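A quick write-up on the structure given underneath.
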Amino acid sequence: MAGIEKMHELVKQYNLHGQFRWITAQMNRVRNGELYRYIADTKGAFVQPALYEAFGLTVVEAMVSGLPTFATCHGGPAEIIEHGVSGFHVDPYHPDQMVTLLVNFFEHCQKDPSHWNKISDGGLKRIHERYTWKIYSERLLTLTGVYGFWKHVSKLVRRETRRYISGDVLHSQVPGSGLLSLPAS
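Just so you know, we're using this note's numbering here: the sequence shown kicks off at 146 and counts up by one.
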C-alpha cells in the first residue's frame, strides 16, 4: 500500500495527472493489443515490476507493440531486454531506483523526443532478432532432433547395460579376434 501511495505522490509531484494510468490484468487478447498500441501511440511506456517473471510474455507483447519497456530484472525479462538499448531492467526490491529510472527516461524524452523512438525501435529490433515464431519453431525443431538423438542413444546404452548386468554377455573370446561375443538380438 505504501508503494501505491508513493506513486500517487509522484504523479502529483511531477504533474502527471491525465498522463498516468494503472491498467489491471487483462484477459482479452484483442483488447491487450489495442491497449499496448494506444499507449505506444501516446508515447507511454510499459512497466512490469513483478518480483519474479518466468518468461515474460507481456514484456514481449509490449516490446513488439513498440512500447519502451521497464521490466523486472528477476527471471526471463532480464534476458529479453538489453538494458538501456531495448528497454530497462527494474528491481522491484529497490523501488526508489525504479522511480528514478522512470523519471530519468521521461525527462530525457522531454528534452530529446527521439529518445522514446530509439528505445522503442531497440525493443522492436530485439524481438524481431530473438523472439519471432520462425526463430522459436526452428529452435524447437532443433531441440526435438537433439532430444530424439539422445533418447535413441540412451536406449542403446541402457539396453547394453542391462545385458551386461543380467549376464547375457558371453565372456568368451571370439577365436582369433580378441573380442567378446554378444548374443544375437
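Note that CB positions come from ideal geometry on N, CA and C, so glycine has one too.
Computed from a prediction, not measured in an experiment: that's the story for all the values here.
Suppose you measure from the CA of V156 to the CA of H162; what does that come to, to the nearest Å?
6 angstroms
Under the assumption that P237 contacts L196 (Cβ atoms under 8 angstroms), give the Cβ distance between them as a whole number of angstroms.
5 angstroms
Can you give me the Cβ contacts of V205 inside the same chain, cut-off strictly under 7 angstroms, excluding the 5 residues immediately before and after it?
I225, I272, Y276
Alpha carbon of Q255 to alpha carbon of W278, nearest angstrom
35 angstroms
Under DSSP, the beta strand (DSSP E) around A207 begins and ends at which residues?
Per DSSP, A207 belongs to no beta strand (DSSP E); it is in the alpha helix (DSSP H), 202-209.
For A199, which residues of its own chain have a beta-carbon under 7 angstroms away from its beta-carbon, when the five flanking residues on both sides are left out?
G220, G221
Tell whether a beta-carbon distance below 8 angstroms holds between L269 and G232.
no
Residue range of the beta strand (DSSP E) that includes H234
233-235
Can you list, in chain order, the residues of its chain whose CB lies under 6 angstroms from that of L325, leaving out five sequence neighbours each side?
Reliability fails at L325, whose pLDDT of 44 lies under 50, so the model's placement of it is uncertain and no value is given.
Starting from Q193, trace the beta strand (DSSP E) in both directions and tell me its first and last residue.
191-193
F215: first and last residue of the uninterrupted beta strand (DSSP E) it sits in
214-217
Is it buried or exposed, W167, if we count other Cβ atoms within 10 angstroms and call 16 or more buried?
exposed
H260 bridges to which residues according to DSSP?
In the DSSP output, where bridge partners are listed per residue, H260 has none listed.
Taking N177 as the reference, give the member of I149, H153, Q158, V209 with the closest Cα.
V209
Cβ separation of V248 and Y159, assumed to be a contact under 8 angstroms, to the nearest whole Å
7 angstroms
Quick check on DSSP: helix, strand or coil for G220?
strand
Expressed to the nearest angstrom, what Euclidean distance is found between the alpha-carbon atoms of L246 and P258?
17 angstroms
Whole-Å CB distance - V230 paired with F215, under 8 angstroms assumed:
Not confirmed; about 13 angstroms, so no contact.
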